[in-house]
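Colleague:
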Amino acid sequence: MKELHEECGVFGIYASSVQDVGNATYYGLYALQHRGQDSAGIVVNDGGVFTVRKDLGLVGDVFDKDSLLDLGEGKIALGHVRYGTAGTATRENAQPMVVSHVKGNLAIAYNGSLINNGELRNQLELEGSIFHSTTDTEVITYIITKERLKQPSIEHAVFEALKKLKGAYSLVLMSPTKLIAARDPHGFRPLCYGKKDDGSYVIASESCALDAVGAKLVRDVAPGEVIVIDPMGIRSFKENCGTCKMSSCVFEFVYFARPDSVVDGCSVHQARVNAGRYLAKSSPCDADVVIGVPDSGLDAAIGYANESGIPYEIGFLKNKYIGRTFIFPNQKDREDQVRKKLNPISSVVKGKRVVMVDDSIVRGTTCARIVRLLREAGATEVHMRVSSPPFLNPCYYGTDIPSRECLIACNHSIEEIRDIIGVDSLGYLEYEDVKKIATGDGCKGFCTACFDGQYPTEIPDRTLKNRFEVKINIDKKKERH
111 MKELHEECGV FGIYASSVQD VGNATYYGLY ALQHRGQDSA GIVVNDGGVF
161 TVRKDLGLVG DVFDKDSLLD LGEGKIALGH VRYGTAGTAT RENAQPMVVS
211 HVKGNLAIAY NGSLINNGEL RNQLELEGSI FHSTTDTEVI TYIITKERLK
261 QPSIEHAVFE ALKKLKGAYS LVLMSPTKLI AARDPHGFRP LCYGKKDDGS
311 YVIASESCAL DAVGAKLVRD VAPGEVIVID PMGIRSFKEN CGTCKMSSCV
361 FEFVYFARPD SVVDGCSVHQ ARVNAGRYLA KSSPCDADVV IGVPDSGLDA
411 AIGYANESGI PYEIGFLKNK YIGRTFIFPN QKDREDQVRK KLNPISSVVK
461 GKRVVMVDDS IVRGTTCARI VRLLREAGAT EVHMRVSSPP FLNPCYYGTD
511 IPSRECLIAC NHSIEEIRDI IGVDSLGYLE YEDVKKIATG DGCKGFCTAC
561 FDGQYPTEIP DRTLKNRFEV KINIDKKKER H
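Counting in this note's numbering, the sequence shown runs from 111 upward without gaps.
As structure tokens, then:
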């Protein structure tokens with residue numbers, strides 16, 4: 111269940127004329143809200159003058175009518191919604207990150223996780239750089255601005271900077287006159303661009319954000335590709351394309367991306383339906399009804415029902431007015447978190463044998479609470495089916511799975527997990543099947559390291575999360591003594 115956290119979402123627009131690009135970015139970020147709820151931010155570029163607003167909270171919390179008007183008009187804008195896998199939720203870590211240097215302003219919005227972030231940061235600190243945040247983004251910003259002092263253009267600076275980065279990155283950056291997008295050579299995280307009828311270009315983490323602002327999807331940014339948009343039009347640089355085997359995160363299709371998005375040429379909705387179909391074949395069940403756990407379990411449940419012939423029903427009502435930032439003051443409230451968000455529809459499950467489909471099991475605690483809700487609503491049997499294989503390994507590319515210790519499948523057999531979460535039977539998607547769920551033309555390889563331990567890159571030596579917050583706290587403690 112939702113013990114995983116979403117990725118960040120990036121958005122950029124290069125308009126055909128000076129207009130309300132901040133408002134368009136606002137709608138784009140709303141469409142990407144599922145990728146991060148820690149913070150949100152928008153930067154508007156009016157002739158090289160950058161106006162920025164960013165803060166902790168959801169898009170609707172950070173921006174209102176007046177704050178959007180204060181951003182003014184311009185031709186270029188960047189936006190970002192954040193869930194941080196490196197760096198805590200603070201205003202300093204909110205994006206986009208904006209800096210001023212001798213050759214102008216620069217703004218960056220970034221999604222991913224660098225495996226060499228610590229090494230790069232230490233090197234920069236030894237050279238005199240002073241950091242104000244604990245994110246990978248500030249490291250990338252320093253490297254690009256350093257290269258900009260030596261290179262003839264911002265795109266050349268980006269080309270040189272990217273040679274130093276290892277790991278996952280989909281980023282959009284803005285100079286006074288250009289909008290630039292880049293995707294790492296492995297293609298870990300999604301990135302696409304589209305075009306509006308008025309000639310404006312839009313770049314976003316997912317195609318659903320293009321739809322939200324009336325842009326038509328042109329294509330995905332290829333792994334290793336850099337795209338530059340300026341007054342001359344759009345240019346593509348593919349010198350780094352094909353240098354690495356494509357390793358798109360398969361969990362984008364299982365959980366992260368919105369079902370109405372198209373990622374690397376594949377419908378996310380269809381990929382999840384395919385997962386459900388494969389799951390029904392490999393893990394059949396004698397039951398009366400199939401239900402999905404909102405939201406990413408719904409599509410897989412439809413696939414399971416279609417393949418098995420068991421009727422599909424809506425089994426849960428999700429309260430969409432409870433945000434992820436809700437604070438639970440004591441243990442009892444934390445245990446009731448699921449009840450506040452999900453409520454079974456008793457007329458659907460009462461007296462029935464239920465197949466409950468969800469996208470994953472991480473620690474197992476949330477699943478157990480959901481199962482109890484179904485039992486209390488009158489389900490006679492609960493059979494859980496999971497539309498991904500068991501999580502066995504940490505992720506170093508942006509997914510918030512920091513260590514094996516927090517993964518229930520590392521410490522228990524499927525039979526033990528079944529008993530822990532209280533279901534009558536438990537089945538996972540087969541490992542070989544998860545690599546077949548996405549069938550788009552651009553889906554040429556996936557990262558499945560969280561399932562099989564086969565990492566596309568070297569494993570970083572230092573994996574302690576928030577290590578720079580610890581460092582800062584220790585330094586402050588020393589000062590007090």
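For each residue, glycine too, the CB sits at the ideal point set by N, CA and C.
Does DSSP classify Arg368 as helix, strand or coil?
Modeller: For the purposes of this step, residue 368 is identified with residue 258 of the sequence shown, where counting begins at 1. Residue state, collapsed to three classes: coil.
Colleague: What runs of the beta strand (DSSP E), each 3 residues or longer, lie entirely inside the segment 299 to 386?
Modeller: Qualifying beta strand (DSSP E) stretches, in chain order: 302 to 305, 311 to 314, 326 to 330, 336 to 340 and 343 to 347.
Colleague: Does the beta-carbon of Glu349 have 16 or more other beta-carbons within 10 angstroms, so that it is buried, or is it exposed?
Modeller: What you label residue 349 is simply residue 239 of the sequence shown in a count that begins at 1. Looking at its Cβ environment, which holds fewer than 16 other Cβ atoms inside 10 Å, Glu349 is exposed.
Colleague: Should the segment 152 to 162 be called in touch with the segment 180 to 189, which here means at least 3 C-beta pairs below 8 Å?
Modeller: A contact exists between the segment 152 to 162 and the segment 180 to 189.
Colleague: Can you tell which of Gly146, His211, Gln233 and Val373 has its C-alpha closest to the C-alpha of Ala204?
Modeller: Sequence index remark: in the sequence shown, residue 204 carries index 94 (1-based). Of Gly146, His211, Gln233 and Val373, the residue nearest in Cα terms is Gly146.
Colleague: In three-state terms, what does DSSP make of Arg444?
Modeller: Counted from its first residue, the sequence shown places residue 444 at position 334. Model confidence at Arg444 stands at a pLDDT of 44, short of 50, so the residue's coordinates are unreliable; what they give is reported in the following sentence. Looking at Arg444 - three-state DSSP - the assignment turns out to be helix.
Colleague: Taking the straight line between their C-alpha atoms, what separation do you get for Gly595 and Ile480?
Modeller: Lying before the first or after the last residue shown, residue 595 is absent from the chain, which here runs from 111 to 591.
Colleague: In chain order, what residues of the same chain have a beta carbon less than 6 Å from the beta carbon of Phe241, not counting five sequence neighbours either side?
Modeller: What you label residue 241 is simply residue 131 of the sequence shown in a count that begins at 1. Contacts found: Glu248.
Colleague: Quick check: the Cα distance between Pro333 and Thr161, rounded to an integer number of angstroms?
Modeller: For the purposes of this step, residue 333 is taken as residue 223 along the sequence shown, with counting starting at 1. For the purposes of this step, residue 161 is taken as residue 51 along the sequence shown, with counting starting at 1. Going from the Cα of Pro333 to the Cα of Thr161 covers about 31 Å.
Colleague: How far does the beta strand (DSSP E) with Lys185 in it extend, from its first residue to its last?
Modeller: Against the sequence shown, residue 185 aligns to sequence position 75. Unbroken beta strand (DSSP E) run through Lys185: Gly184 to Arg192.
Colleague: Is Gly122 near Ile313, with beta carbons less than 7 Å apart?
Modeller: For the purposes of this step, residue 122 is taken as the residue at position 12 of the sequence shown. For the purposes of this step, residue 313 is taken as the residue at position 203 of the sequence shown. Their beta carbons are under 7 Å apart, which means Gly122 touches Ile313 by this criterion.
Colleague: Taking the alpha carbon of Pro570 as the point to measure from, which residue in Lys554, Gly228 and Tyr279 has its own alpha carbon closest?
Modeller: Your numbering for residue 570 matches position 460 in the sequence shown. Comparing Cα-Cα distances from Pro570 to each of Lys554, Gly228 and Tyr279, the minimum goes to Gly228.
Colleague: Please work out which residues of its chain come closer than 6 Å, Cβ to Cβ, to Leu289, disregarding the five sequence neighbours upstream and downstream, and give them in chain order.
Modeller: Looking up residue 289 in the sequence shown gives position 179. The residues are Gly122, Tyr124, Ile186 and Ile339.
Colleague: Quick check on this structure: which residue in Asp398, His493 and Glu183 has the alpha carbon closest to the alpha carbon of Ile527?
Modeller: Residue numbering aside, residue 527 sits at position 417 when the sequence shown is read from its first letter. Closest option to Ile527, Cα to Cα, is His493.
Colleague: Among Asp307, Pro404 and Ile264, which has the Cα closest to the Cα of Lys451?
Modeller: Within the sequence shown, residue 451 is the residue found at index 341, counting from 1. Comparing Cα-Cα distances from Lys451 to each of Asp307, Pro404 and Ile264, the minimum goes to Pro404.
Colleague: Starting from Phe501, trace the alpha helix (DSSP H) in both directions and tell me its first and last residue.
Modeller: For the purposes of this step, residue 501 is taken as residue 391 along the sequence shown, with counting starting at 1. Element bounds for Phe501: n/a, residue is neither H nor E.
Colleague: Buried or exposed: Asp174, going by 16 or more other Cβ atoms within 10 Å of its Cβ?
Modeller: Looking up residue 174 in the sequence shown gives position 64. Asp174 should be labelled exposed.
Colleague: Ignore the nearest five residues each way along the sequence and tell me which others in Glu117's own chain have a CB closer than 6 Å to its CB.
Modeller: Position 7 of the sequence shown, counting from 1, holds the residue named residue 117. Arg145, Asn221, Phe366 and Gly508.
Colleague: Under 7 Å between the Cβ atoms of Glu309 and Val328?
Modeller: Taking the sequence shown and counting its residues from 1, one reaches residue 309 at position 199. Taking the sequence shown and counting its residues from 1, one reaches residue 328 at position 218. Note on identity: in this sequence residue 309 is Gly, with Glu being the wrong assignment. Cβ atoms of Gly309 and Val328: not closer than 7 Å.
Colleague: Ignore the nearest five residues each way along the sequence and tell me which others in Lys554's own chain have a CB closer than 7 Å to its CB.
Modeller: Within the sequence shown, numbered from 1, the residue matching residue 554 stands at position 444. So the qualifying residues of the chain are Met356.
Colleague: Is there contact between the segment 405 to 418 and the segment 457 to 471, where contact requires at least three CB pairs shorter than 8 Å?
Modeller: Touching, yes, given that three or more Cβ pairs across the two stretches are closer than 8 Å.
Colleague: Are Ser177 and Arg192 close, meaning C-beta to C-beta below 7 Å?
Modeller: Numbered from 1 along the sequence shown, position 67 holds the residue referred to as residue 177. Numbered from 1 along the sequence shown, position 82 holds the residue referred to as residue 192. Cβ atoms of Ser177 and Arg192: not closer than 7 Å.
Colleague: Give the single residue among Ser315, Phe298 and Cys477 whose Cα lies nearest to the Cα of Thr135.
Modeller: By 1-based counting over the sequence shown, the position of residue 135 is 25. Taking only the C-alpha atoms, the option nearest Thr135 is Ser315.
Colleague: Classify His211 as buried or exposed, calling it buried when 16 or more other Cβ atoms lie within 10 Å of its own Cβ.
Modeller: As a first step, residue 211 must be located in the sequence shown, where it is residue number 101. Under this definition His211 is an exposed residue.
Colleague: Using the rule of at least 16 other Cβ atoms within 10 Å of the residue's Cβ for burial, across every protein chain shown, is Arg258 buried or exposed?
Modeller: As a working note, residue 258 is residue 148 in the sequence shown. Flag for Arg258 reads buried.
Colleague: Evaluate Lys326 with the Cβ neighbour count: other Cβ atoms within 10 Å of its Cβ, from every protein chain shown; 16 or more gives buried, anything less gives exposed.
Modeller: As a first step, residue 326 is located in the sequence shown; it is residue number 216 there, counting from the start. Under this definition Lys326 is an exposed residue.
Colleague: So who's on the other strand from Asp176, going by DSSP bridges?
Modeller: To locate residue 176, count along the sequence shown from 1; it is residue 66. BP columns for Asp176 are empty, so no partner.
Colleague: Just to confirm before moving on: does the CB-CB distance between Thr567 and Ile225 stay below 7 Å?
Modeller: The residue given as residue 567 occupies position 457 in the sequence shown. The residue given as residue 225 occupies position 115 in the sequence shown. Yes, these two residues count as a Cβ contact at 7 Å.
Colleague: Does Thr161 come out as helix, strand or coil in the three-state DSSP assignment?
Modeller: By 1-based counting over the sequence shown, the position of residue 161 is 51. Strand.
Colleague: Alpha carbon to alpha carbon, how far is Leu536 from Ala390? Give it in angstroms, no decimals.
Modeller: Position 280 of the sequence shown holds residue 390. Position 426 of the sequence shown holds residue 536. Each residue's alpha carbon lies about 12 Å from the other.
Colleague: With Gly277 and Ser223 assumed to form a contact (beta carbons below 8 Å), what rounded beta-carbon distance in angstroms separates them?
Modeller: In the sequence shown, the residue the question calls residue 277 occupies position 167. In the sequence shown, the residue the question calls residue 223 occupies position 113. That belief holds up - the Cβ atoms of Gly277 and Ser223 are roughly 6 Å apart, short of 8 Å.
Colleague: Are Ser513 and Pro504 touching if we call contact CB-CB under 7 Å?
Modeller: Taking the sequence shown and counting its residues from 1, the one referred to as residue 513 is at position 403. Taking the sequence shown and counting its residues from 1, the one referred to as residue 504 is at position 394. In contact: Ser513 and Pro504 (Cβ atoms closer than 7 Å).
Colleague: With DSSP as the reference, label Asn155 as helix, strand or coil.
Modeller: The residue labelled residue 155 in the question sits at position 45 within the sequence shown. Three-state result, Asn155: strand.
Colleague: Buried or exposed, going by whether 16 or more other CB atoms sit within 10 Å of the CB of Val159?
Modeller: By one-based count along the sequence shown, residue 159 stands at place 49. Val159 comes out exposed.
Colleague: Quick check on this structure: which residue in Thr251, Val131, Leu139 and Asp543 has the alpha carbon closest to the alpha carbon of Gly167?
Modeller: One-based indexing of the sequence shown puts residue 167 at position 57. When each option's Cα is compared against that of Gly167, the closest is Leu139.
Colleague: At which residue ranges does the segment 203 to 246 contain complete alpha helix (DSSP H) runs of 4 or more residues, listed in the order of the chain?
Modeller: With a minimum length of 4 residues, the continuous alpha helix (DSSP H) runs that stay inside the segment 203 to 246 are 227 to 236.
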